[in-house]
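Taking it in order: structure first as structure tokens, then the write-up.
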Amino acid sequence: MSLIKKTFASLAFLLACSTSASAAIVTQSDAVGSYNANAHTPDERVVGFRIAKGTRGFTAVTGHSTTYDQGWGANEPLFNYLYVSLRMGTVNLWTDIFARAVRAPDVQPLQPYQASANALSALNAALRSIDWSKNPNVELQVRSHPAPFPGHELHSVTPVLVASSREAEVPEPASTAMLGIGLVGLMLARRRKGGMAH
Numbered sequence: 002m003s004l005i006k007k008t009f010a011s012l013a014f015l016l017a018c019s020t021s022a023s024a025a026i027v028t029q030s031d032a033v034g035s036y037n038a039n040a041h042t043p044d045e046r047v048v049g050f051r052i053a054k055g056t057r058g059f060t061a062v063t064g065h066s067t068t069y070d071q072g073w074g075a076n077e078p079l080f081n082y083l084y085v086s087l088r089m090g091t092v093n094l095w096t097d098i099f100a101r102a103v104r105a106p107d108v109q110p111l112q113p114y115q116a117s118a119n120a121l122s123a124l125n126a127a128l129r130s131i132d133w134s135k136n137p138n139v140e141l142q143v144r145s146h147p148a149p150f151p152g153h154e155l156h157s158v159t160p161v162l163v164a165s166s167r168e169a170e171v172p173e174p175a176s177t178a179m180l181g182i183g184l185v186g187l188m189l190a191r192r193r194k195g196g197m198a199h
């Protein structure tokens with residue numbers, strides 16, 4: 002086996018054995034002290050953040066809020082709530098209930114949110130369907146859905162949304178260094194062979 006072939010074989014082996022690092026990014030929504038809406042308030046953005054172009058998927062989506070209804074009518078948590086939305090421009094690509102406006106007698110409880118495995122799978126499927134080459138404006142948002150009945154209010158104190166995502170995989174520095182060393186070795190071998198031919 003010639004020296005060049007041996008060098009190529011070594012490079013192929015090193016590349017096959019090398020691992021890639023997948024950098025994790027944790028993003029938190031902008032802060033809002035309190036949000037207030039009623040039956041006349043349209044569906045709107047409460048908090049959120051823009052998703053980096055080419056994001057491959059989310060490993061976790063969590064958050065919390067103190068969300069409650071101080072309306073005068075019957076309690077309507079099925080109609081009065083906050084929801085999480087993967088949004089491309091004005092289009093909802095995926096949604097999940099973030100917190101329902103439950104009416105408690107005294108102190109309103111802090112409601113934690115965590116996307117279930119099924120919800121996360123559906124979110125990532127929606128994310129993979131995005132054509133990033135069109136450079137779309139994609140956000141993960143908490144949005145409001147006030148009950149459309151008079152006498153109801155939707156209140157949320159310090160809603161926060163947090164997501165952990167993965168960047169596109171990149172070679173680890175060690176793998177890149179090995180590839181560079183192999184290429185230098187290949188160049189030197191070719192020079193030596195060329196010098197011996199004269």
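Following the working numbering, the numbering of the sequence shown begins with 2 at its first residue and continues without gaps.
Think of the CB as a built atom: it goes at the ideal place given N, C-alpha and C, for glycine as much as any other residue.
Remember, it's a predicted structure, so these values are computed and weren't measured experimentally.
| Query | Result |
| --- | --- |
| Test item: CB-CB of Arg88 and Glu140 under 9 Å | yes |
| N- and C-terminal bounds of the alpha helix (DSSP H) containing Ala164 | Run containing Ala164: none in the alpha helix (DSSP H); it sits in the beta strand (DSSP E), Glu154 to Arg167. |
| Straight-line Cα distance separating Asp132 from Asn125 | 14 Å |
| Those runs of the alpha helix (DSSP H) which lie wholly inside the region 43 to 129 and span at least 4 residues | 118 to 129 |
| Where Ser134 sits in the DSSP three-state scheme | helix |
| Cβ-based neighbour list, Gln71, same chain, cut-off 8 Å, excluding 5 preceding and 5 following | Arg104, Glu154 and His156 |
| Through-space distance from Arg101 to Val27, alpha-carbon basis | 25 Å |
| Beta-carbon gap between Val163 and Thr63 smaller than 9 Å | yes |
| Extent of the continuous beta strand (DSSP E) to which Val33 belongs | It is not in any beta strand (DSSP E) - Val33 carries neither H nor E in the DSSP assignment. |
| Bounding residues of the beta strand (DSSP E) (the contiguous stretch that carries His146) | Val139 to His146 |
| Under the three-state DSSP convention, the category Ala40 falls into | coil |
| Candidates Pro147, Gln109 and Pro160, of which the one nearest Val48 by Cα | Pro160 |
| Beta-carbon proximity of Thr68 to Leu83, cut-off 9 Å | yes |
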